[in-house]
Amino acid sequence: MTEPVLAVEGLVKRFGGLTATDDLSLSVTAGEIHAVIGPNGAGKTTLIAQLSGDLAPDDGRIRFAGRDITGLRADERSHLGLARSFQITSIFPGFPALDNVALAVQAHAGHSFRFWSPARRDAGLREPAMAALDEVGLAARAGIVAANLSHGEQRQLEIAMALATKPSLLLLDEPMAGMGIDESARMIDLLRGLKGRHTIVLIEHDMDAVFALADRITVLVYGRAIATGTPAEIRANAEVRQAYLGDAHVG
Amino acid sequence: MQALRQPRLLAQLILLLLLAAVPPVMTAIDEPFYTSLFTRIMIFAIAAASLDLILGYGGMVSFGHAAYIGVGAYTVGILSFYGVDNGFIQFPLAVLLSAVFAAVIGAICIRTSGVYFIMITLAFAQMLYFLGISLEEYGGDDGMPVYRSEFGGLLDLYDANHLYYLVFAVLAATLYFGHRLVNSRFGMVVRGMKSNSLRMRAVGYPVYWYRLTAYVISGTMCGVAGALFANWSEFVSPDIMHWVRSGDLIIMVIVGGMGTLFGPVLGATAFLLMEEYLPEILEGTAPGAGEHWHFVFGPILILIVLFAKGGIFGLFGGRERGDD
Ligand SMILES: Nc1ncnc2c1ncn2[C@@H]1O[C@H](COP(=O)(O)OP(=O)(O)O)[C@@H](O)[C@H]1O
Ligand SMILES: [Mg+2]
Numbered sequence: 001m002t003e004p005v006l007a008v009e010g011l012v013k014r015f016g017g018l019t020a021t022d023d024l025s026l027s028v029t030a031g032e033i034h035a036v037i038g039p040n041g042a043g044k045t046t047l048i049a050q051l052s053g054d055l056a057p058d059d060g061r062i063r064f065a066g067r068d069i070t071g072l073r074a075d076e077r078s079h080l081g082l083a084r085s086f087q088i089t090s091i092f093p094g095f096p097a098l099d100n101v102a103l104a105v106q107a108h109a110g111h112s113f114r115f116w117s118p119a120r121r122d123a124g125l126r127e128p129a130m131a132a133l134d135e136v137g138l139a140a141r142a143g144i145v146a147a148n149l150s151h152g153e154q155r156q157l158e159i160a161m162a163l164a165t166k167p168s169l170l171l172l173d174e175p176m177a178g179m180g181i182d183e184s185a186r187m188i189d190l191l192r193g194l195k196g197r198h199t200i201v202l203i204e205h206d207m208d209a210v211f212a213l214a215d216r217i218t219v220l221v222y223g224r225a226i227a228t229g230t231p232a233e234i235r236a237n238a239e240v241r242q243a244y245l246g247d248a249h250v251g
Numbered sequence: 001m002q003a004l005r006q007p008r009l010l011a012q013l014i015l016l017l018l019l020a021a022v023p024p025v026m027t028a029i030d031e032p033f034y035t036s037l038f039t040r041i042m043i044f045a046i047a048a049a050s051l052d053l054i055l056g057y058g059g060m061v062s063f064g065h066a067a068y069i070g071v072g073a074y075t076v077g078i079l080s081f082y083g084v085d086n087g088f089i090q091f092p093l094a095v096l097l098s099a100v101f102a103a104v105i106g107a108i109c110i111r112t113s114g115v116y117f118i119m120i121t122l123a124f125a126q127m128l129y130f131l132g133i134s135l136e137e138y139g140g141d142d143g144m145p146v147y148r149s150e151f152g153g154l155l156d157l158y159d160a161n162h163l164y165y166l167v168f169a170v171l172a173a174t175l176y177f178g179h180r181l182v183n184s185r186f187g188m189v190v191r192g193m194k195s196n197s198l199r200m201r202a203v204g205y206p207v208y209w210y211r212l213t214a215y216v217i218s219g220t221m222c223g224v225a226g227a228l229f230a231n232w233s234e235f236v237s238p239d240i241m242h243w244v245r246s247g248d249l250i251i252m253v254i255v256g257g258m259g260t261l262f263g264p265v266l267g268a269t270a271f272l273l274m275e276e277y278l279p280e281i282l283e284g285t286a287p288g289a290g291e292h293w294h295f296v297f298g299p300i301l302i303l304i305v306l307f308a309k310g311g312i313f314g315l316f317g318g319r320e321r322g323d324d
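Quick mapping for you: the protein sequence lines, in order, are chains H and P.
At position 163 of the first sequence (counting the first as 1) the number is 163 in this note's numbering, and the numbers step up by one without a gap.
At position 193 of the second sequence (counting the first as 1) the number is 193 in this note's numbering, and the numbers step up by one without a gap.
Structure representation (structure tokens):
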């Protein structure tokens, strides 16, 4: 068996008396969409933040692309091929959409201690940025200041920024949060388009989306992974039904 | 002519041309004082524009930038004290020393942000201020006189026009370099960090090093302003590093227009002209009113900030493609 892209072992994160990540182990295989589900406050965002390097775990190890990245900063992990989107949209609101993505491209196009040539006229940045916008369906909105994009478009923009860093693993924290039905449908299409070409850890509340997209699902409750399996296995898991899904929902 | 379609760029060029015309005009009407006044204004304009690089573009509110004016000025002053008047030695050394001070101070301050950054930059500047006071050999808190720099016969800084055009050239270079910088890859990173540093980290920027570099560039340029200031005043004292001076620089940037580079030039001009003439004007309205000029000055500054969105430069319209 090939080594997993991401392997988490015994991860622990405490906030005071609260254990937000409780001895959590997880492995993600190349090419899969691995959904992480769980009720609000289960520790999903906290998990993503530790994977991305925005939050330091209290214990445990994270291996990525064959090396231990537990002690690395977020920007270092980005250069190893990790990219994340945030549950609460995190973009550069005052910049046009294209600039948002161009900044992400630039971060991976050598160092930025270049003080002279205008970055906005740099085809080496603009073209890949445009391609990433195109991939998420925002090409026609490239010149719009990000703050003026709709909520759904801003979430697409965030995915474009993540894609622009050419990641080998995407960490998506509730990409459909706050979206209407149409916007959600578009995002599901977008994610389906990424499937197979990218390895993705997907946190999502929308169960229909999760069961439609995920290859495997891990269920998180109180910071612990209570089950991991295929969508069918998770549907059939009694503990999961009890703890989280609710019988009606699983149908 | 791209400039003609951009009102702000056009305004900048015209105002720079007007500045270039100051010495001959003042010589013609026999008012040399104004040449000297505008030399001082341009020196602070250089410092304010430098501060704008990190304040306006980078969102880093340094409340201690007068310290670098002090480092630059004391470099010239102390060398002059030991008889080293050669500007080709003084200026590079002023650049080097302000860069070193900015790197050391910045390395610590950059780890903080928000109010903490304001407080710690202020604290370091005050440390340098008290260091200046403790330098008894160099006049302590009284300061000491300074001979103007010599440039091997190329320039005679005792000629007010030479000094003026040296300062003018440095200002123009500062603005041009600043313009290139804020639009370069590095500049985009600085602006991105102001907008959302969490996002910058997530896409792969080692934010600390970019912020530190921006801080050092800004501090170094302020150091050059300091070296020029020592020449202009023929005098250095710790007073130039006092925290009020750092506050003045921030006010110049905000009043002139943050994140515009040229706005701070206008801010410095408005600030220093008011400081110079408000007391006189008030004294004319009522005897004794002149000494209370601060009570008029403050509200005027507040009104500008409140009603001229984007500062004085914002009044010229045509906001450049903004980013925050
Ligand atoms: N920075 C923090 N400080 C203290 N408690 C936190 C912090 N971040 C998250 N928590 C707590 O940790 C738990 C897990 O939060 P989170 O990971 O955001 O859950 P989820 O994303 O699954 O809804 C919650 O109880 C939350 O209140
Ligand atoms: Mg969450």
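Ideal Cβ placement from N, Cα and C applies to all residues, glycine included.
Inset, instruction - Inspect the CB distances between the region 138-153 of chain P and the region 82-90 of chain P and report whether three or more fall short of 8 Å. - result: At 8 Å Cβ cutoff, the stretches touch.
Legend entry - With 16 other Cβ atoms within 10 Å as the buried cut-off, status of Asp247 of chain H: Caution is warranted here: a pLDDT of 49 is assigned to Asp247 of chain H, below 50, making its placement in the model unreliable, and the coordinate value is therefore given only provisionally. Per the 10 Å Cβ criterion, exposed.
Inset, instruction - Please confirm if Ser50 of chain P has its CB atom under 7 Å from at least one CB of chain H. - result: With 7 Å as the cut-off, Ser50 of chain P does not count as an interface residue toward chain H.
Inset, instruction - Could you list the residues in the region 156-184 of chain H with a C-beta less than 7 Å from some C-beta on chain P, going in chain order? - result: Taking 7 Å as the Cβ-Cβ cut-off against chain P, the residues of the region 156-184 of chain H that qualify are Met161, Thr165.
Legend entry - Nearest-angstrom beta carbon gap, Leu128 of chain P and Met221 of chain P [assumed within contact, 8 Å]: Not really, about 17 Å apart at Cβ, beyond 8 Å.
Inset, instruction - Output yes if chain H places a C-beta closer than 7 Å to the C-beta of Pro32 of chain P; else output no. - result: False, the Cβ-Cβ gap to chain H never drops below 7 Å.
Legend entry - Span of the alpha helix (DSSP H) around Ile43 of chain P: Where Ile43 of chain P is concerned, the enclosing alpha helix (DSSP H) starts and stops at 32-55.
Legend entry - The beta strand (DSSP E) enclosing His292 of chain P, as first and last residue numbers: Segment: none, His292 of chain P is in no beta strand (DSSP E) and carries neither H nor E.
Inset, instruction - Leaving out five residues on either side along the sequence, give the residues of the same chain with a beta carbon under 6 Å from the beta carbon of Phe15 of chain H. - result: Closer than 6 Å at Cβ, skipping near neighbours: no residue.
Inset, instruction - Evaluate contact between the region 95-112 of chain H and the region 62-72 of chain H, counting only Cβ atoms and requiring at least three cross-stretch pairs below 8 Å. - result: The answer is no - the region 62-72 of chain H does not touch the region 95-112 of chain H, with fewer than three Cβ pairs under 8 Å.
Legend entry - Any C-beta of chain P under 7 Å from that of Phe92 of chain H: Cβ-Cβ to chain P under 7 Å: yes for Phe92 of chain H.
Legend entry - Where Arg61 of chain H falls: helix, strand or coil (DSSP): Correct three-state label for Arg61 of chain H: strand.
Legend entry - Close beta carbons around Asp59 of chain H, own chain, < 6 Å, minus the five adjacent residues each side: Around Asp59 of chain H: Val12.
Inset, instruction - Taking C-beta pairs closer than 9 Å, name the residues in chain H that Leu198 of chain P reaches, listed in chain order. - result: Per Cβ cutoff of 9 Å: Asp54, Ala74, Phe86, Ser90.
Inset, instruction - Tell me, please, whether the CB atom of His198 of chain H is closer than 7 Å to any CB atom in chain P? - result: His198 of chain H does not count as touching chain P.
Legend entry - Three or more C-beta pairs below 8 Å linking the region 197-210 of chain H and the region 221-230 of chain H: The answer is no - the region 221-230 of chain H does not touch the region 197-210 of chain H, with fewer than three Cβ pairs under 8 Å.
Inset, instruction - Mind listing which residues have their beta carbon within less than 7 Å of any non-hydrogen atom of ligand 2? Chain order is fine. - result: In chain order, the residues with a C-beta atom nearer than 7 Å to some heavy atom of ligand 2 are H:Lys44, H:Thr45, H:Gln87, H:Asp173, H:Glu174, H:Ile203.
Legend entry - Sequence-distant residues of its chain with Cβ nearer than 8 Å to Val240 of chain H (five each side left out): So the qualifying residues of the chain are Val219, Ile226, Ala227, Ile234.
Inset, instruction - Report the residues of the region 211-228 of chain P with a CB closer than 9 Å to any CB of chain H, ordered along the chain. - result: Residues passing the 9 Å Cβ filter: Thr213, Ile217.
Inset, instruction - Classify Phe15 of chain H as helix, strand or coil using the three-state DSSP reduction. - result: Phe15 of chain H carries a strand assignment under DSSP once its states are collapsed to helix, strand and coil.
Inset, instruction - Please confirm if Met1 of chain P has its CB atom under 7 Å from at least one CB of chain H. - result: Residue confidence for Met1 of chain P is low, a pLDDT of 48 falling below 50, so the modelled location carries little weight; the figure read from the coordinates is stated next. It does not: the Cβ of Met1 of chain P has no partner Cβ on chain H nearer than 7 Å.
Inset, instruction - Compute every distance between the C-beta of Gly17 of chain H and the non-hydrogen atoms of ligand 1, then say whether any falls below 6 Å. - result: No; taking the cut-off as 6 Å, the Cβ of Gly17 of chain H has no heavy atom of ligand 1 nearer than that.
Legend entry - the region 17-27 of chain P in contact with the region 232-252 of chain P per 3-pair CB rule at 8 Å: No: the two stretches stay apart, fewer than three of their Cβ pairs being nearer than 8 Å.
Legend entry - Cβ-based neighbour list, Gly187 of chain P, same chain, cut-off 6 Å, excluding 5 preceding and 5 following: Leu181.
Legend entry - For Val265 of chain P and Ala308 of chain P, the rounded distance between their alpha carbons: For Ala308 of chain P and Val265 of chain P, the distance between alpha carbons rounds to 16 Å.
Legend entry - Cα-Cα separation between Glu183 of chain H and Ala177 of chain H, rounded to whole angstroms: Linking Glu183 of chain H to Ala177 of chain H through their CA atoms gives a straight-line distance of about 10 Å.
Inset, instruction - Could you tell me whether the Cβ of Ile192 of chain H comes closer than 7 Å to any Cβ of chain P? - result: It is worth fixing the name first, because residue 192 of chain H is Arg in this sequence and not Ile. False, the Cβ-Cβ gap to chain P never drops below 7 Å.
Inset, instruction - Determine the burial state of Ser195 of chain P: buried for a count of at least 16 other Cβ atoms within 10 Å of its Cβ, exposed for fewer. - result: Classification of Ser195 of chain P: buried, given that the 10 Å Cβ count is 16 or more.
Inset, instruction - Indicate whether at least one CB of chain H lies closer than 7 Å to the CB of Tyr57 of chain P. - result: No, Tyr57 of chain P lies away from the interface with chain H (no Cβ there is under 7 Å from its Cβ).
Legend entry - Among P:His179, P:Ala49, P:Val146, nearest to Tyr82 of chain P - alpha-carbon criterion: When each option's Cα is compared against that of Tyr82 of chain P, the closest is P:Val146.
Legend entry - Any non-hydrogen atom of ligand 1 closer than 6 Å to Gly60 of chain H Cβ: For ligand 1, no non-hydrogen atom lies closer than 6 Å to the CB of Gly60 of chain H.
Inset, instruction - Spatial neighbours of Arg199 of chain P within its chain, please: CB distance less than 8 Å, with the 5 preceding and 5 following residues excluded, ordered by chain position. - result: So the list reads Gly192, once near-sequence residues are dropped.
Inset, instruction - List the residues of chain H that Gly192 of chain P touches, going by C-beta distances under 7 Å, in chain order. - result: Near Gly192 of chain P (Cβ distances below 7 Å), the residues of chain H are Phe92, Leu103.
Legend entry - Ala20 of chain H: CB within 6 Å of a non-hydrogen atom of ligand 1: It does: the Cβ of Ala20 of chain H is within 6 Å (strictly closer) of some heavy atom of ligand 1.
Legend entry - Collapsed DSSP secondary structure at Phe92 of chain H in the structure displayed: Here Phe92 of chain H sits in coil by DSSP.
Inset, instruction - Have a look at Tyr164 of chain P and His79 of chain H and give me their C-alpha separation to the nearest angstrom. - result: Those two C-alpha atoms are separated by around 49 Å.
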